[in-house]
Amino acid sequence: MFLGIYLLSRLISPAEFGRYSAFQAMVLAVYPLLTLRYEYAIPVARSDGSARALLTLSLLLSVSATAVLSVGVLVLRGCCLPVEWISPAVAELIPLMGFAAVSASLASIFQLAAVRTGALRAMGVGRVLRAVCMTVGQVALALIVARGASSLIVGELVANLVLAAILAWASARYLPKLSVALQGRNIGKLWAAAKRFRAFALVSVPHAVSHQALVAIQGVAIGVLYGPTAMGHYFLMRKVLFSTIGLVSTALYQVCFSEASKTKGNHARLRELWTYSASLLAIVTIPIAVMLLFLGEQIFALLFGTEWASAGSLAAAAFPIIIMEPIAAAMAFMPAFLKRQPAAFGWSLTQNIVGIGSVWVIFLAGGRIEQAILGSSLAVAAVMLAYVVWLRAASAPSATQMAATQ
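Letter 75 of the sequence shown, counting from 1, is numbered 75 in UniProt numbering, and no numbers are missing.
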């Protein structure tokens, strides 16, 4: 992953990298709508039959919703948006939205199926191959086709499909034949699964969409307020740091999700997972944040060149969020098992509104981008810390569980 970012920084301008990253953030905001997050219920389904029904439901929703999304986006581009509203560089990316969203949704579906089947080794291999395919594809397209955002998007799209194919093979025993899945009685099973796990659609979808949409809006807001080059620096900083630390955070999340699905509501075990996640990630994130606080600009200039040195300044300013975001992300499994999804949605909405609001306030006050990132990071990290503490309090064993333990 890091090698790919390094090579792309030598081939792509900060402005083009910013457009690619903004597009990527928008795709992450859209793809939960394709499956309504039913795939996240696969690991927690009580029976294999329910898990298969949820897998089939997620795949059917993904394909059908992608078709609707693609047509809608093309119609919107062709007849509803005045040409002067969007630049040619942005217009050429619009047709890729549907393909990018479905590739992301398929990768998500089969990762959750792999968690259900215990195919964690295949997941690890798939993630490595995805990173390799994405790096090779993006660099090759940038060298051969065009040094722009579209080459990066297509490379990532193909890499997601490779990951989905590997995990589909690993989870083959859960894959239903489409002809069987669409029989009358099985359609009834899909409808029953949709009703039984509707909380994932009603709560998890708004949570995921709002969180990712606000992340995208924050990056785009930086581009609008401080220019596309600043947006490129901001997204490079996030990609370098959170793609690297995120490998640990995501792997830990998936392991804890798998363990939590076996707890059957045991809050004591959930609290143990909280302690394990927080302590392990603190050991990883705190040294990195301290190092970047003092040497961020020099490190980025050394690794990526002087054109990207400002990304190091933003990394130094973002040290609070570097510590807290991976910890909060790794604990995203807990609200579902604690049955606190609505409250978790409120926390997510609060932290993103606070982050975007801080950037705007500091910009209007005449602050530089480094000051805007520092203020936003401090505000968001404070909300995340409160959220993590709240999760620990919510996971306190009930009186019944304590009595059973004693």
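Each residue gets a CB set at the ideal place from its N, CA and C atoms; glycine is no exception. Just so we're clear, the structure is a prediction, and the values are computed from it rather than from any experiment.
Q. In three-state terms, what does DSSP make of P43?
A. coil
Q) With contact counted as at least three CB pairs below 8 Å, one residue from each stretch, are the segment 254-265 and the segment 299-306 in contact? A) no
**Q.** Delimiting residues of the alpha helix (DSSP H) encompassing E272
**A.** H267 to F304
Q) Are the Cβ atoms of N42 and L33 separated by less than 8 Å? A) Sequence inspection shows Ile at residue 42; the Asn mentioned does not correspond to that position. Cβ distance not < 8 Å, so I42 and L33 don't count as in contact.
Q. Just curious, the alpha helix (DSSP H) that I373 is in, first and last residue?
A. I369 to A394
Q.
Within the continuous alpha helix (DSSP H) that includes P342, where are the two ends?
A. Following the DSSP letters along the chain, one finds P342 inside the alpha helix (DSSP H) bounded by residues Q341 to L364.
Q) Is the beta carbon of V383 less than 8 Å from the beta carbon of V359? A) no
Q. Should F304 and A149 be called a contact, given that it needs their Cβ atoms to be closer than 8 Å?
A. No, the Cβ-Cβ distance between F304 and A149 is not below 8 Å.
Q) Under the rule that 16 or more other beta-carbon atoms within 10 Å means buried, what is A403, buried or exposed? A) Low local confidence applies: a pLDDT of 49 at A403 is under 50, so the model's placement there is unreliable, with the coordinate-based value given in what follows. By the neighbour-count rule (16 or more Cβ atoms within 10 Å), A403 is not buried but exposed.
Q.
Check whether the segment 230-241 and the segment 56-63 are in contact - that is, three or more C-beta pairs closer than 8 Å.
A. no
Q. Where does residue 452 sit, in a helix, a strand or coil, going by DSSP?
A. Because the chain is modelled from 1 through 406, residue 452 falls outside the range shown and cannot be assessed.
**Q.** Pair within 8 Å by beta-carbon distance, F110 and A164
**A.** yes
(Q) What would DSSP say about A318, mapped onto helix, strand or coil? (A) coil
(Q) Going by DSSP in three states, T263 sits in which element: helix, strand or coil? (A) coil
Q: Express the C-alpha separation of I144 and G271 in angstroms, rounding to a whole number.
A: Inspection of the sequence shows that residue 271 is occupied by Arg rather than by Gly. Going by the C-alpha atoms only, they are around 51 Å apart.
(Q) Using the three-state DSSP reduction, which class does L36 fall into: helix, strand or coil? (A) DSSP, reduced to helix, strand and coil, places L36 outside both helices and strands of the structure shown, so it counts as coil.
Q.
Given a cut-off of 8 Å on the beta-carbon distance, is the pair L11 and V139 in contact?
A. yes
Q: From the DSSP output, in three-state form, read off G118 for me.
A: coil
Q: Count the other C-beta atoms from every protein chain shown that fall within 10 angstroms of the C-beta of W347, then say buried if there are 16 or more, exposed otherwise.
A: buried
Q.
At the level of alpha carbons, what is the spacing between L157 and L167?
A. Cα to Cα, the separation comes out at about 16 Å.
Q. Taking the C-alpha atoms as reference points, what is the distance between Q341 and E307?
A. 42 Å
Q. In whole angstroms, what separates the C-alpha of V83 from that of L190?
A. Only weak support is given to the placement of V83: the predicted model assigns it a pLDDT of 46, under 50, and the question is left unresolved by the model.
Q: Please work out which residues of its chain come closer than 7 Å, Cβ to Cβ, to I356, disregarding the five sequence neighbours upstream and downstream, and give them in chain order.
A: L214, I217, Q218 and A221
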